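Notes for the one structure printed next.
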Amino acid sequence: MKHTRRFLDLLFLVIFILVAGCEKDSPTPTANPGAMVRDYEICPTDWYSYGEFGEAGYGFEAVLASTQISKHILAEGTVLIYQDGFNYRIALPYSDAGVNSIVKTSFTTETGVALVHLEDNQGNIRVPSATIKYRMLIIDDQPRITNPELDLRDYQDVAAFYDLN
Numbered sequence: 446m447k448h449t450r451r452f453l454d455l456l457f458l459v460i461f462i463l464v465a466g467c468e469k470d471s472p473t474p475t476a477n478p479g480a481m482v483r484d485y486e487i488c489p490t491d492w493y494s495y496g497e498f499g500e501a502g503y504g505f506e507a508v509l510a511s512t513q514i515s516k517h518i519l520a521e522g523t524v525l526i527y528q529d530g531f532n533y534r535i536a537l538p539y540s541d542a543g544v545n546s547i548v549k550t551s552f553t554t555e556t557g558v559a560l561v562h563l564e565d566n567q568g569n570i571r572v573p574s575a576t577i578k579y580r581m582l583i584i585d586d587q588p589r590i591t592n593p594e595l596d597l598r599d600y601q602d603v604a605a606f607y608d609l610n
């Protein structure tokens, strides 16, 4: 009886984790109607491996779903993704040199989703062990055209221009 109760408690916990997950798609309002923001928290269990371990091209990807990534945005607008650091946000794609490898973080977009990719040049990257926060900025074509000098890789510059919270 005691074992059955413990098993049911554990089963409930596993189901809760699978259903609840860590991925969040929470809208953040902006003062600029041409920009939409979504924040995500990607847990270690949200990453999916691809390729062959030990070979170039092996890595992990996570899905950032957003209905605002439309065919119009893909053709005429811009999708930017920033990864949270300690006191900053870094624009994707970026590379980080480790002791024996270079880790590349990048993303691709399709209608309705952005896929964040993690790869290294050795083909032996491990799934992230901690939750990683990302901020996606979806920009319609007009605001981007009005300020061609805007540095889209500098989150502080982008946040000031689009009046992000």
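Heads up: the sequence shown begins at 446 in the numbering used here, then just goes up one per residue. Beta carbons are placed, not taken as given, at the ideal position from N, Cα and C, and that holds for glycine. Keep in mind it's a predicted model, so treat the numbers as computed, not measured.
I need the DSSP call for residue i, collapsed to helix, strand or coil.
i, result
"T556", "coil"
"E500", "coil"
"T490", "helix"
"I518", "helix"
"Y533", "coil"
"A542", "strand"
"F461", "Note that F461 has pLDDT 38, beneath the 50 cutoff, so the model's placement of it is unreliable and the number below is only indicative. Residue state, collapsed to three classes: helix."
"V508", "strand"
Is it right to say residue i is buried, meaning 16 or more other beta carbons lie within 10 angstroms of its own, or is it exposed?
i, result
"Y485", "buried"
"Y511", "Looking at the sequence provided, one finds Ser at residue 511 rather than Tyr. So S511 counts as buried."
"Y600", "buried"
"F505", "buried"
"I547", "exposed"
"A605", "exposed"
"Y607", "buried"
"R483", "buried"
"D541", "exposed"
"F552", "buried"
"V561", "buried"
Quick one: residues in its chain with C-beta nearer than 6 Å to the C-beta of residue i, no 5 flanking neighbours on either side, listed in chain order?
i, result
"D586", "E521 and G522"
"A621", "Look at the range of the chain in this structure, 446 to 610, and you will see that residue 621 is not part of it."
"Q528", "I535 and Y579"
"T550", "L537, Y539 and L563"
"S494", "F505"
Closer than 8 Å by C-beta to residue i: which residues in its own chain qualify, once you throw out the five before and the five after it? Chain order, please.
i, result
"K516", "T556"
"V603", "L525, L582, L595, D596, L597 and L609"
"G543", "D565"
Less than 7 Å between C-beta atoms, sequence neighbours within five positions excluded: which residues of the same chain meet that for residue i?
i, result
"T576", "C467, E486, I487 and C488"
"E497", "Y503"
"G499", "G568 and N569"
> Curious, which full-length alpha helix (DSSP H) runs of at least 4 residues does the segment 567–605 contain?
Replying inline: With a minimum length of 4 residues, the continuous alpha helix (DSSP H) runs that stay inside the segment 567–605 are 586–591.
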